[in-house]
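Colleague:
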Amino acid sequence: MSVPALAIEHLSVDYTTAAGPLHALRDVGIEVAAGEIVGLVGESGCGKSTLIQAVLRLLSPNAKITAGRMALAGVDLIGLDPEAMRKLRGDRMSVVFQDPMTALNPVLSIGRQMVDIQYRRREPRAAKRRRAVEMLKRVHIPDPESRFDQYPHEFSGGMRQRIAIAMALMAEPALFIADEPTTALDATLEVATIELLKALQREIGCAILFVSHHLGVVAELCDRVNVMYAGEVVESGPVRPVFQRPQHPYTQRLLACDPARVRERTRHLPTIPGDLPDLVSLPPGCVFAERCPQVFEPCRRAPPPALKTAELEALRCYLAKPSS
Amino acid sequence: MSAATSAAKPAAARRAQSALRRVLSEPLGLLGSLLVLLVVLGAGFAGLLAPDPIALAPIDRFLAPSMDHLLGTDNLGRDLFARVLFGGRIALVVSLGSTAASLLLGVTAGLVAGYGPRWLDNLLLLIFDALKSFPTVMLALALVTLLGPSEWAVVLVVIIANAPSYARMARTQTMSLRHAQFVEAERSLGAGAGRIIASHILPNIVGPILIVASMDIPVVIAIEAGMSFLGLGVRPPTPSWGTILESGFEYIQDSPWAVIAGGLPIIITTLGFTFLGEALRDTFDPKLATGPR
Amino acid sequence: MLTYAAKRSGLALAVVMVVMALLFVMIYLIPGDPARVALGPRASQALIDELRSRMGLDKPVWVQIVDFYRSVLTGDLGNDVLSGTSVLRIISGQMPYTLDLIFGSMIWSILVGIPLGCLSAMRRGSLVDRVTAVLSVSVIAVPAFVIAVYLLLIFSIGLQWFPAIGAGDDPLDRAYHLVLPSIALGLGWVGYIARMLRASILEVQGENHVRTARAFGLPEGKIVFDYVLRIAILPTVTVLGIGIGQLLSSAVFAEIVFARPGIGKLVYDAIITRNYPIVTGTVLVTTVFFVLVNLVADLMIAWLDPRVRRNLRR
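Chains as they are written, first to last, in the numbering used here: chain A, 840 to 1163; chain X, 81 to 373; chain Y, 988 to 1301.
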């Protein structure tokens, strides 16, 4: 049993606000085995970004980790001092963010940036340059030798995202976090980028935490998936059971709302009525109770614990039938 | 229709009220407003508050502040407090008047440049850039050589110094709005250029330009005072803060009071308008902010 | 980069041509007869006519325009009405004093303003930050000549710590004489630079590419220099370009208040004595200087920020 690339247990993160502590993440548990691709889905505001920032330990100054454990390939992340944490970033774990247009430094050439991030290696510049050019070839950037000294604004959005992926995978990290990498790209680019990710993952063998609200892509790419809502993981398990036989009412509604799934022509796309709960003063019971079509009495009393079921690793719902 | 418009007015008034409250709730905004109010009231009620500003009394020259002369007297025995208050009138009238003129000319030029043909735009841009290239004082000196010193020279300098910036802002915004969807729609309905500019483009661009103009007021006051200080602006015996400061400077070895009296209102007014302008800008359009808060 | 430099220089040249044209228009509009004004009311008509023909005022307008451009471009800005010396020589004689003042002011305001701006950005919201903010706004608001007069009053006349007149002889003495005027002129710029830098640092720090750099574990020092400051400094460079031109203007006040020699005093005296060639010559020289400084600033920015090179059409 190898060490998981990423192991998050009972993680809670609060933001300090004028109105009081905002409970952005509560008792979140996520595991990504070595070499596995795990998805993280949820609507805007569910805490995906906070989670990624927490893993990177790049939370904003008014955020605090109030409970839980995080380990990257066995190394405890919470207890690590900032210098040691910095050493991990870009080396054992790397990230690609959502917006390719602004993710790269506009006043430095992409080549310079790709050499910069190799600062840890004690090699001559030429070697770093060669490695960078090789990587650009692997992500199918045409004519990388001559484009090496060009600036980000001279590349299209799709190419910039591929450059970002190249940068992230160049160090062959244990964990690669992809934060909505295809959201800003159009459909055809998205397909190509996903194919690229799959191919690279096979070659490099890193684990991927793939964050997205695009359910189809997650189904296509990931082995397992976690569904988040308002700061909690509400359902978690292998991709097929979660998407084909969702147990949590939120997941069910989420899948029903996916426009790709709508079978008949209609003027009104399905939505989930209601709003996200106030994360400063949370309701006493299940966080989805207000909007849940199957809400019943125990839901309002206390938040449901995460239970293991026959097909799922975790399900936070009083409707759950736990495996014995 | 009428129900909508009568409902719209209270909404606009309420917006203005809440904006005012926001400006006054900030400490600098409050301070700025108070200072400006002080200056305006002082200038407005100058006649009631102070004796004759040009009455000569050479015997009483260089007096220190006292109950008779709240700020003392200058080298000709004139009451400094009175001169300061009346000087405020000049400062406010000239500044506000020339700012209004710069806005009028600048925005018009910008609209023409932005909406008209490309060659006109290029020509106007070149003229704007050339006008802005003149360092302000040199411009003032050159113009006064031509026109002789007067308040009108000040107005002209202000216009030449400020109108190009407003013109540029107006031009940029006009150009981006020119191809906006709603303008295209209006054009397809047969609206002529004049109507489009006046009712559709103009209301959308004035906001930020007005804010920038209000932040320029302290600069304009400084131009007037500076030119009067150099003898290029208001002519004696009309009191202007610049001339008070200048005559104080001439006799600085004899008495500090004229210098103090001349500089103080300039400081108060520029600080007041600047604080107020910053607070206004922060309230209405923080995107223009280049500083704290 | 080269194409941008060429285009930008061409633009600067065009602006200078237009400035000269405007200047000529102004000269041509001088009411009254310059020759008569220069010689005084009791001069004979013959003398006036002679001066007129020497000044080229009797030729048709278009000839005068061509002559004007030709003479300016060959460095002949005319001669001083009173002494007959070349205007260009007079101006270049006085220019060094003004340049001392300008660069003295700019250097000290950069040396104080930039660290202050960085400090305010790094300790955002702290007391240092808030006090700096209010003070910055205040010194920008108050005109330099008022500050100059007050400094003179307090430190020169009152406390007698610094001289009130002149520019000094040897380098040390000249520096001593530069203290008060440089402070007066530079104070506003300290505020401006500090403010500007603080705002752009905060803006850049929040941008995505800085987040990326952090996510790759780049050392903080490298992030600060290559990823934050390198971009944040750009608006400040623009400001410096404008600043030098502005300082040239404000230098007039400092020269008059502190009785220093220089361009400002030169042109101020020239107006009083109706020495028009000096006035127009100085205005021309200072405007060209301003245009040149802006050109250099723009080129520096284009060198630092490759995005600018793409669009010349602002």
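Cβ coordinates follow ideal geometry from the N, Cα and C atoms, glycine included.
For Asn-202 (chain X), count neighbouring Cβ atoms within 10 angstroms of its own Cβ and tell me buried if that reaches 16, exposed if not.
Modeller: The residue in question, Asn-202 (chain X), is exposed, as its Cβ has fewer than 16 Cβ neighbours within 10 Å.
Colleague: Considering only the beta carbon of each residue, do Met-307 (chain X) and Ser-1236 (chain Y) sit closer than 8 Å?
Modeller: No, these two residues do not count as a Cβ contact at 8 Å.
Colleague: Give the DSSP bridge partners of Thr-1085 (chain Y), in chain order.
Modeller: DSSP, once it has assigned bridges, lists no residue as partnering Thr-1085 (chain Y).
Colleague: Suppose you measure from the CA of Leu-360 (chain X) to the CA of Pro-1020 (chain A); what does that come to, to the nearest Å?
Modeller: Cα to Cα, Leu-360 (chain X) sits roughly 40 Å from Pro-1020 (chain A).
Colleague: Ignore the nearest five residues each way along the sequence and tell me which others in Arg-145 (chain X)'s own chain have a CB closer than 6 Å to its CB.
Modeller: It is worth fixing the name first, because residue 145 (chain X) is Pro in this sequence and not Arg. Excluding residues within five positions, the ones whose Cβ falls inside 6 Å are Leu-151, Gly-152.
Colleague: Write down the C-beta distance between Ala-1099 (chain A) and Gly-1055 (chain A) rounded to the nearest angstrom, noting that I regard them as a contact closer than 8 Å.
Modeller: Confirmed, Cβ separation roughly 6 Å.
Colleague: Pick out whichever of A:Glu-1011, A:Ala-1013, A:Ala-1005, A:Arg-1001 has its Cα sitting closest to the Cα of Thr-1032 (chain A).
Modeller: It is A:Arg-1001 whose Cα lies nearest to the Cα of Thr-1032 (chain A).
Colleague: Spatial neighbours of Phe-1277 (chain Y) within its chain, please: C-beta separation below 8 Å, excluding the five flanking residues on both sides.
Modeller: Ile-1231, Gly-1232, Leu-1235.
Colleague: With a CB to CB cut of under 6 Å and the five nearest residues on each side skipped, what residues in its chain are close to Val-1073 (chain A)?
Modeller: Hits under 6 Å: Val-1066, His-1087, Tyr-1089, Arg-1155.
Colleague: Nearest to Thr-855 (chain A) by CA position, among A:Gly-868, A:Thr-905, A:Arg-896, A:Ile-847, is which residue?
Modeller: Answer by Cα proximity: A:Thr-905.
Colleague: Report the three-state DSSP secondary structure of Ile-340 (chain X) (helix, strand or coil).
Modeller: In this structure, Ile-340 (chain X) counts as helix in the three-state DSSP scheme.
Colleague: Among residues of its own chain, excluding the 5 on either side of Leu-898 (chain A), which ones have a beta-carbon nearer than 8 Å to its beta-carbon?
Modeller: Around Leu-898 (chain A): Val-852, Thr-889, Gln-892, Ile-904.
Colleague: Should Met-974 (chain A) be labelled buried (16 or more other beta-carbon atoms within 10 Å of its own) or exposed?
Modeller: Buried is the call here.
Colleague: Is the distance from the Cβ of Val-235 (chain X) to the Cβ of Ala-273 (chain X) below 8 Å?
Modeller: Not closer than 8 Å, so no.
Colleague: Enumerate in chain order the residues of its own chain whose CB-to-CB distance from Met-81 (chain X) is below 7 Å, with the five nearest sequence positions on each side excluded.
Modeller: Any answer about Met-81 (chain X) is weak, because its pLDDT of 44 lies below 50 and its placement is not dependable; what the coordinates show is given next. So no residue of the chain qualifies.
Colleague: On the three-pair Cβ rule with 8 Å, is the region 337 to 357 of chain X touching the region 1135 to 1142 of chain Y?
Modeller: The answer is yes - the region 1135 to 1142 of chain Y touches the region 337 to 357 of chain X, with three or more Cβ pairs under 8 Å.
Colleague: Please return the same chain residues whose Cβ sits closer than 6 Å to the Cβ of Leu-1146 (chain A), not counting the five positions on each side in sequence.
Modeller: Counting only Cβ-Cβ distances below 6 Å, and skipping sequence neighbours, we find Leu-1154, Ala-1159, Pro-1161.
Colleague: Beta strand (DSSP E) containing Gly-907 (chain A): first to last residue?
Modeller: Its beta strand (DSSP E) spans residues 902 to 911.
Colleague: Does Leu-1014 (chain A) come out as helix, strand or coil in the three-state DSSP assignment?
Modeller: Of the three classes helix, strand and coil, the one that applies to Leu-1014 (chain A) here is strand, per DSSP.
Colleague: Does any residue of chain X bring its CB to less than 8 Å from the CB of Gln-1192 (chain Y)?
Modeller: Closer than 8 Å: no.
Colleague: Can you list, in chain order, the residues of the region 292 to 306 of chain X whose Cβ is nearer than 7 Å to any Cβ on chain Y?
Modeller: Answer set for the region 292 to 306 of chain X: Pro-298, Ala-302, Ala-305, Gly-306.
Colleague: I want to verify the contact list: residues of chain A whose CB lies under 7 Å from the CB of Asp-1213 (chain Y), in sequence order.
Modeller: Correct list: Leu-947.
Colleague: From the DSSP output, in three-state form, read off Tyr-195 (chain X) for me.
Modeller: Correct three-state label for Tyr-195 (chain X): helix.
Colleague: In terms of residues, what are the limits of the alpha helix (DSSP H) holding Phe-309 (chain X)?
Modeller: Residues 282 to 309.
Colleague: Determine which residues share a DSSP beta bridge with Leu-1146 (chain A) and list them.
Modeller: In DSSP, Leu-1146 (chain A) forms a bridge with A:Leu-1154.
Colleague: Please report the straight-line C-alpha distance between Ser-1096 (chain Y) and Ala-1238 (chain Y), rounded to a whole angstrom.
Modeller: So the alpha carbons of these two residues sit roughly 15 Å apart.
Colleague: Specify the secondary structure class of His-1196 (chain Y) as computed by DSSP and reduced to three states.
Modeller: The answer is helix: DSSP assigns His-1196 (chain Y) an H, G or I state.
Colleague: Using the Cα positions of Ala-1046 (chain A) and Leu-1114 (chain Y), report the straight-line distance between them to the nearest angstrom.
Modeller: Going from the Cα of Ala-1046 (chain A) to the Cα of Leu-1114 (chain Y) covers about 46 Å.
Colleague: Ignore the nearest five residues each way along the sequence and tell me which others in Cys-1096 (chain A)'s own chain have a CB closer than 8 Å to its CB.
Modeller: Within the same chain, Cys-1096 (chain A) has close Cβ partners Leu-1108, Pro-1109, Thr-1110, Ile-1111.
Colleague: Roughly how many angstroms separate the alpha carbons of Gln-1051 (chain Y) and Val-1012 (chain Y), rounded to a whole number?
Modeller: Those two C-alpha atoms are separated by around 11 Å.
Colleague: Decide if Asn-901 (chain A) is buried, meaning its Cβ has at least 16 other Cβ atoms within 10 Å, or exposed.
Modeller: So Asn-901 (chain A) ends up on the exposed side.
Colleague: Taking the C-alpha atoms as reference points, what is the distance between Val-1129 (chain Y) and Pro-345 (chain X)?
Modeller: So the two alpha carbons sit approximately 11 Å from each other.
Colleague: Report buried or exposed for Glu-1103 (chain A), applying the criterion of at least 16 other Cβ atoms within 10 angstroms of its Cβ.
Modeller: By the 10 Å Cβ count, Glu-1103 (chain A) comes out exposed.
Colleague: Is Phe-125 (chain X) close to the ligand FAD? I mean its beta-carbon at under 7 Å from any heavy atom of the ligand.
Modeller: What this structure holds is no ligand at all, so the ligand FAD is not there to describe.
Colleague: Report the neighbours of Val-934 (chain A) on chain Y: residues whose CB is nearer than 7 Å to its CB, in chain order.
Modeller: The contacting residues are Ala-1202.
Colleague: Considering only C-alpha positions, which residue in the set X:Thr-323, X:Gln-333, X:Asp-159 is nearest to Ala-171 (chain X)?
Modeller: Comparing Cα-Cα distances from Ala-171 (chain X) to each of X:Thr-323, X:Gln-333, X:Asp-159, the minimum goes to X:Thr-323.
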